[in-house]
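Enquirer: The structure that follows is given in the form of structure tokens.
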Amino acid sequence: MREKSEVFKVFKKFKNLVEKQSGRSIKVLRSDRGKEYNNSEFDKFCEEEGIEHQTTVSYNPQQNGVSERKNRTVMEMARSMLQEKHLPKAFWAEAVYTAVYLLNRCPTKAVQNMTPIEAWSGKKPSAKHLRVFGSICYVHIPIEKRHKLEEKTEKGIFLGYSTQSKGYRIYHLKTKKLITVEMLSSTKTPCGIGMKKK
Numbered sequence: 001m002r003e004k005s006e007v008f009k010v011f012k013k014f015k016n017l018v019e020k021q022s023g024r025s026i027k028v029l030r031s032d033r034g035k036e037y038n039n040s041e042f043d044k045f046c047e048e049e050g051i052e053h054q055t056t057v058s059y060n061p062q063q064n065g066v067s068e069r070k071n072r073t074v075m076e077m078a079r080s081m082l083q084e085k086h087l088p089k090a091f092w093a094e095a096v097y098t099a100v101y102l103l104n105r106c107p108t109k110a111v112q113n114m115t116p117i118e119a120w121s122g123k124k125p126s127a128k129h130l131r132v133f134g135s136i137c138y139v140h141i142p143i144e145k146r147h148k149l150e151e152k153t154e155k156g157i158f159l160g161y162s163t164q165s166k167g168y169r170i171y172h173l174k175t176k177k178l179i180t181v182e183m184l185s186s187t188k189t190p191c192g193i194g195m196k197k198k
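The following block contains the structure:
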């Protein structure tokens, strides 16, 4: 989500996803009094869907303490990840997404003896695919896209995990674009474990 004005559209998509995957319906939505949540379109939607929309008192984020604290944790984690690897703020969205991805795979008091993703999916998550955010990595170039004597890999920066497929989000240093790859080159050391091009 790039702007607050997108909240309504994103919430509708979120509601649809959550209800289809869980088989349960959202009963209560708690938010602050921001205009993005408090408008006739949002209110009408909540009313039609049977969602009780609770709002916090102005300038009192403590009333929504759990989500405020979680947001703070996510932002602190994302900031640390960017600073540790000296990456520009342009990658903040990737850092935030990766922080949430990792937190969903970490134990928490909110869910006894399992991770949030395990509570949601019923499957124990694997850590085998995890990589260090901001690490230099090498992306395999398919033989169809290179000449015989050219390098088999190109350098990139690992920025996270794809939401669309089982893949990795990489900032491709040559093209200066974000790309999604299925796997990182097996001809080099995996991302984040002593990365140096030989």
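The C-terminal position of the sequence shown is numbered 198 in UniProt numbering, with every residue numbered one higher than the one before it.
For each residue, glycine too, the CB sits at the ideal point set by N, CA and C.
Here the structure is a predicted model, which is why all the values come from computation and not from measurement.
When DSSP labels each residue in this structure, what does Ser31 get in the three-state scheme?
Expert: Note: Ser31 maps to strand in three-state DSSP.
Enquirer: Quick one, are the C-beta atoms of Phe42 and Phe14 less than 8 Å apart?
Expert: No, they are not a contact pair.
Enquirer: Pick helix, strand or coil for Leu173, following the three-state DSSP scheme.
Expert: DSSP places Leu173 in coil when its eight states are reduced to three.
Enquirer: Can you tell me whether DSSP reads Phe133 as helix, strand or coil?
Expert: Three-state result, Phe133: coil.
Enquirer: In terms of residue numbering, what span does the beta strand (DSSP E) encompassing Thr153 cover?
Expert: Thr153 to Tyr161 is the extent of the beta strand (DSSP E) around Thr153.
Enquirer: Are the stretch 122-135 and the stretch 79-89 touching, with three or more C-beta to C-beta distances below 8 Å?
Expert: Short answer: they touch.
Enquirer: Whose C-alpha, out of Ser126, Trp92 and Lys70, is nearest the C-alpha of Lys109?
Expert: Here the closest residue by C-alpha is Lys70.
Enquirer: Take the Cβ of Ala127 as the centre, count every other Cβ of all protein chains shown within 10 Å, and call the residue buried at 16 or more, exposed below.
Expert: With fewer than 16 other Cβ atoms within 10 Å, it is exposed.
Enquirer: Return the chain-ordered list of same chain residues with a C-beta closer than 8 Å to the C-beta of Leu173, the five sequence neighbours on each side being excluded.
Expert: Cβ neighbours of Leu173 beyond the five flanking positions: Glu154, Lys155, Gly156 and Ile157.
Enquirer: Let me check understanding here. Comparing Cα to Cα, which of Thr55, Arg105 and Glu118 lies closest to Asn39?
Expert: Checking every option, the nearest Cα to that of Asn39 belongs to Thr55.
Enquirer: Round the Cβ separation of Gly160 and Glu118 to the nearest angstrom and send it over; I've been treating them as touching at under 8 Å.
Expert: Not a contact, Cβ separation roughly 20 Å.
Enquirer: Determine the direct distance from the alpha carbon of Ser165 to that of Lys152, and round the result to whole angstroms.
Expert: One C-alpha to the other measures close to 23 Å.
Enquirer: So what's Tyr37 in DSSP terms, helix, strand or just coil?
Expert: Coil.
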